[in-house]
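Report on one structure; see the data block that follows.
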Amino acid sequence: MEQKIHQGRNVKRFREMLNIKQEALAYDLGEDWNQKKISMLEQKDVIEENLLKQISAVLKIPVEAFQNFDEEQAINIISNTFHEGAIAVGNNSGHVSTTINPIDKIVQIHEEKIALYERMLKEKEEMMVRLEKLIGK
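With this note's numbering applied, the sequence shown corresponds to residues 21 to 157, in that order.
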């Protein structure tokens, strides 16, 4: 007996992981959407492909994640491969496709944030020079 993937529940899980409220998702999907419609969407077993693509674009999560994510399988993969702070990400066939070390990821994000702040500071300094030139004229 094969367990069916509940796409609506997966949309809800990913939305909640991203800390996005139903109202915010509805707003991003367009004026035809509201919180109640998102709630009903999250109850559907299967969601139309074009709608999944829209949700995918808004949440920046691949369509396949909504179509293939199986919580039970994910728990099995994590419990069988979890070691030294690494997290394994599997696919529907049960094969582990990626191993991510959370510490390395945090360091990478921190370095990207520092680079962004440095670029922003440089842009601010350039803007100040331009403003000083304009004021001086």
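Positions of the beta carbon are idealized from the N, C-alpha and C atoms, including for glycine. Just so you know, these numbers come straight off a predicted model, no measurement behind them.
Among the options, which has the Cα closest to the Cα of residue i?
i	options	result
Gly28	Ala44, Asp48, Val83	Val83
Gln63	Ile25, Lys142, Glu138	Ile25
Leu79	Glu132, Ala135, Arg33	Arg33
Since residue i and residue j should fall inside the 8 Å C-beta cutoff, what is the C-beta to C-beta distance between them, to a whole number of angstroms?
i	j	result
Val87	Leu49	Rather than Val, the amino acid found at residue 87 in this sequence is Gln. The Cβ separation is near 18 Å, so there is no contact.
Provide the residue span of the alpha helix (DSSP H) that contains residue i, from first to last.
i	result
Pro82	No alpha helix (DSSP H) contains Pro82, which DSSP labels as neither H nor E.
Phe34	27-37
Val127	122-156
Asp48	42-49
Within 10 Å of its beta-carbon, does residue i have 16 or more other beta-carbons around it, so buried, or fewer, so exposed?
i	result
Gln42	buried
Lys56	exposed
Ile123	exposed
Met60	exposed
Ile134	exposed
By Cβ distance below 7 Å, which residues in the same chain neighbour residue i in space, the five residues on each side in sequence not counted?
i	result
Val66	Gln27
Ile81	Phe34
Met37	none
Cutting at 6 Å between CB atoms, please list the residues of its own chain near residue i, excluding the five before and the five after it.
i	result
Leu72	Val83, Phe86
Asn54	Ala46
Phe89	Asn30
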